[in-house]
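Participant: What follows is a structure written as structure tokens; I'll ask about it next.
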DNA sequence: GAAAAAATGTGATCTACATCACACAATTTG
DNA sequence: CAAATTGTGTGATGTAGATCACATTTTTTC
């Protein structure tokens, strides 16, 4: 789909932008393309942008001291990704962002977002709604992690996002659920 | 501390309200008092308000089908608490809110917040910043849960919030970490 | 301040998942 | 298309934390 249209429909779910305002807002973004396997943010980087996914699939992840990876998010089209702690608090990245497939994104810098929020109240409203939604989703995931076993959570995930089953290697899905790839593999034949 | 002043200083960390604007905003709140053990929100309720804690300690929690409780948050003074999923999406509460000690709060209804956000841009800015912060914190907690063992997370929690050690029963701290009270108890003498 | 209720400690046993090890399959690369 | 790389399946074994059971301590209530 046309990038501008995808963004417009995404925003329309929570905020009301006039066509002029949307044109205005859209100009704050810059498009970029990445190849499968490329990294958009690597731990230690200065983080300047958040990324709105147009096509492909992107992961955000954390790697601990033992080099074990945890996936925070699989970002499909019309999702946003970045290291928000680093972005908002001007700290170095501890979260990485990488491409699971070839991907196109729209980049929005911290400064651009803040300026757009100041100039266009409905843009600030949109980002408030977005962050509220992310917070609620993150809490739900935390609860599900504490409450349900691996099998249940795996089926929950694949039911919610069937695309992931073929698009994403199982070891990354295991890393999303915080279990070893062996354990995930053993769910089929118990 | 004076409720108005506590709220003012809390907001000042992320938004700039003139004294007039703050007076205006403050009028949207209504104060309430609760006794230790009382519930502010019970699962199944219609949720109309979020709560800004003035004094005491409040928990937000989820109870699963086996009646096992998980604590999402210990809200101390200058923290906010509610079931945000229910509040924003006009659904019935699945998260409860209860008082660990006697507590005083300021209630802000959904309508009041939205009206204040519309009329006072810096109020909308404040809530955006707040939700961004909550999202980042929630992700950090998820990572810590997947990455660290109980002992580490317990010490992390008590280091960050030493008040909890004496104020909150250990079984609730266990419920916050998603482990049994027995396991928490065994951390002392391993 | 005695009785009841709630919270905590501690042993014994069970279990979901981790880790290690290696075979096999699929995908990428030159 | 052959070789190298990356991903997946599966057995054997180890372990953190759950669960059950009961004793002890602390707090609440009348």
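Residue numbers (my numbering), protein chains in the order written: chain A, 1 to 190; chain B, 1001 to 1190.
A virtual CB, placed ideally from N, CA and C, is assigned to each residue, including glycine.
All figures in this text were calculated on a predicted structure; none of them were measured in a lab.
Whole angstroms are fine: how far does the CA of residue 1016(B) sit from the CA of residue 148(A)?
Facilitator: Residue mapping note: residue 148(A) aligns to position 148 of the first chain, counting from 1. Residue mapping note: residue 1016(B) aligns to position 16 of the second chain, counting from 1. Whole-angstrom Cα-Cα distance: 43 Å.
Participant: Given that residue 168(A) touches chain B, what residues does it touch there, using C-beta distances under 8 Å?
Facilitator: In the first chain, the residue the question calls residue 168(A) occupies position 168. The premise fails here: residue 168(A) is roughly 18 Å from chain B at the closest Cβ pair, so nothing lies under 8 Å.
Participant: Take residue 122(A) and list the residues in its own chain whose beta-carbon comes closer than 7 Å to its own, dropping the five residues that flank it on each side.
Facilitator: If you number the first chain from 1, residue 122(A) lands on position 122. 15, 16, 17, 21.
Participant: Going by the CB atoms, is the gap between residue 83(A) and residue 41(A) shorter than 8 Å?
Facilitator: For the purposes of this step, residue 41(A) is taken as residue 41 along the first chain, with counting starting at 1. For the purposes of this step, residue 83(A) is taken as residue 83 along the first chain, with counting starting at 1. Yes, Cβ-Cβ distance for residue 41(A) and residue 83(A) is below 8 Å.
Participant: Using a beta-carbon distance below 8 Å, is residue 1178(B) in contact with chain A?
Facilitator: Position 178 of the second chain, counted from the start, is the residue given in the question as residue 1178(B). It does: the Cβ of residue 1178(B) has a partner Cβ on chain A nearer than 8 Å.
Participant: Using 10 angstroms around the beta-carbon of residue 184(A), count the other beta-carbons present and answer buried if the total reaches 16, otherwise exposed.
Facilitator: Along the first chain, read from residue 1 onward, the residue named residue 184(A) stands at position 184. It is buried - the Cβ of residue 184(A) has at least 16 other Cβ atoms within 10 Å.
Participant: Pairs of beta-carbons, one from the stretch 54-73 of chain A and one from the stretch 89-108 of chain A, closer than 8 Å: are there three or more?
Facilitator: The stretch 54-73 of chain A is in contact with the stretch 89-108 of chain A.
Participant: Jot down the residue ranges of each uninterrupted beta strand (DSSP E) in the stretch 1100-1125 of chain B, minimum 3 residues, whole runs only, in chain order.
Facilitator: Counting only runs of 3 or more, we get 1103-1109.
Participant: I'd like the span of the alpha helix (DSSP H) that includes residue 1(A), first residue to last.
Facilitator: Against the first chain, residue 1(A) aligns to sequence position 1. Premise fails: residue 1(A) is in no alpha helix (DSSP H) and is neither H nor E.
Participant: Can you list, in chain order, the residues of its chain with a C-beta nearer than 7 Å to that of residue 1048(B)? Leave out the 5 residues immediately preceding and following it.
Facilitator: The count along the second chain starts at 1 and reaches residue 1048(B) at position 48. Excluding sequence neighbours, residue 1048(B) sits near 1109, 1110.
Participant: Using 8 Å as the limit for Cβ to Cβ distance, is residue 70(A) near chain B?
Facilitator: Mapped onto the first chain, residue 70(A) falls at position 70. Yes, because at least one Cβ of chain B sits closer than 8 Å to the Cβ of residue 70(A).
Participant: State the start and end residues of the unbroken beta strand (DSSP E) segment that holds residue 1061(B).
Facilitator: In the second chain, the residue the question calls residue 1061(B) occupies position 61. Element bounds for residue 1061(B): 1058-1063.
Participant: Helix, strand or coil: how does DSSP classify residue 146(A) here?
Facilitator: Indexing the first chain from 1 puts residue 146(A) at position 146. Residue 146(A): helix per DSSP, three-state reduction.
Participant: Distance, Cα to Cα, residue 128(A) vs residue 1188(B)?
Facilitator: Position 128 of the first chain, counted from the start, is the residue given in the question as residue 128(A). Position 188 of the second chain, counted from the start, is the residue given in the question as residue 1188(B). Cα to Cα, the separation comes out at about 43 Å.
Participant: If we ignore side chains and look at the alpha-carbon of each, how far apart do residue 1026(B) and residue 1126(B) end up?
Facilitator: As a first step, residue 1026(B) must be located in the second chain, where it is residue number 26. As a first step, residue 1126(B) must be located in the second chain, where it is residue number 126. Distance between the alpha carbons of residue 1026(B) and residue 1126(B) is about 14 Å.
Participant: Enumerate in chain order the residues of its own chain whose CB-to-CB distance from residue 1150(B) is below 8 Å, with the five nearest sequence positions on each side excluded.
Facilitator: Counted from its first residue, the second chain places residue 1150(B) at position 150. Excluding residues within five positions, the ones whose Cβ falls inside 8 Å are 1177, 1179, 1183, 1184, 1187.
Participant: Can you find the residues in the same chain that come closer than 7 Å, C-beta to C-beta, to residue 11(A), ignoring five residues on each side of it along the sequence?
Facilitator: Position 11 of the first chain holds residue 11(A). Closer than 7 Å at the Cβ level, and outside the excluded window around residue 11(A), lie 17, 126.
Participant: What in chain A is Cβ-close to residue 1142(B), meaning under 8 Å?
Facilitator: As a working note, residue 1142(B) is residue 142 in the second chain. Correct list: 72, 138, 141, 142, 145.
Participant: Restricting to Cα atoms, I'd like to know which of 4(A), 64(A), 53(A), 19(A) is closest to residue 120(A).
Facilitator: As a position in the first chain, residue 120(A) is number 120, starting the count at 1. Nearest of 4(A), 64(A), 53(A), 19(A) to residue 120(A), Cα basis: 19(A).
Participant: Measuring only the C-alpha atoms, how far is residue 2(A) from residue 54(A)?
Facilitator: Residue mapping note: residue 2(A) aligns to position 2 of the first chain, counting from 1. Residue mapping note: residue 54(A) aligns to position 54 of the first chain, counting from 1. Those two C-alpha atoms are separated by around 9 Å.
Participant: Out of 1155(B), 1137(B), 1081(B), 1161(B), which has the shortest C-alpha to C-alpha gap to residue 1050(B)?
Facilitator: Stepping through the second chain from its first residue, residue 1050(B) is reached at position 50. Residue 1050(B) has its Cα closest to that of 1081(B), out of 1155(B), 1137(B), 1081(B), 1161(B).
Participant: Taking 8 Å as the threshold (C-beta atoms), are residue 62(A) and residue 1157(B) in contact?
Facilitator: Reading the second chain from its first residue, position 157 is the one you call residue 1157(B). Reading the first chain from its first residue, position 62 is the one you call residue 62(A). Contact flag unset, no.
Participant: What residues from chain B crowd round residue 10(A), counting only those whose CB sits closer than 7 Å?
Facilitator: On the first chain, position 10 is the one that residue 10(A) refers to. Correct list: empty, because the minimum Cβ distance to chain B is about 17 Å.
Participant: Would you say residue 121(A) lies against chain B (beta-carbon separation less than 8 Å)?
Facilitator: Within the first chain, residue 121(A) is the residue found at index 121, counting from 1. Yes, contact with chain B.
Participant: Quick one: grab the DSSP three-state call for residue 1050(B).
Facilitator: Counting from one through the second chain, the residue named residue 1050(B) turns up at place 50. Residue state, collapsed to three classes: strand.
Participant: Taking residue 1196(B) and residue 1078(B) to be in contact with their CB atoms under 8 Å, please state how far apart those CB atoms are, rounded to whole angstroms.
Facilitator: Look at the range of chain B in this structure, 1001 to 1190, and you will see that residue 1196(B) is not part of it.
Participant: Give the straight-line distance between the Cα atoms of residue 68(A) and residue 36(A), rounded to the nearest whole angstrom.
Facilitator: Counted from its first residue, the first chain places residue 68(A) at position 68. Counted from its first residue, the first chain places residue 36(A) at position 36. Spanning the two alpha carbons is a distance of roughly 21 Å.
Participant: Quick check on residue 1127(B) - is its C-beta less than 8 Å from some C-beta in chain A?
Facilitator: On the second chain, residue 1127(B) is found 127 positions in, with the first residue counted as 1. Closer than 8 Å: yes.
Participant: Give a yes or no on whether the C-beta atoms belonging to residue 112(A) and residue 28(A) are separated by under 8 Å.
Facilitator: Here the question's residue 112(A) lines up with position 112 in the first chain. Here the question's residue 28(A) lines up with position 28 in the first chain. Result yes, Cβ atoms of residue 112(A) and residue 28(A) sit closer than 8 Å.
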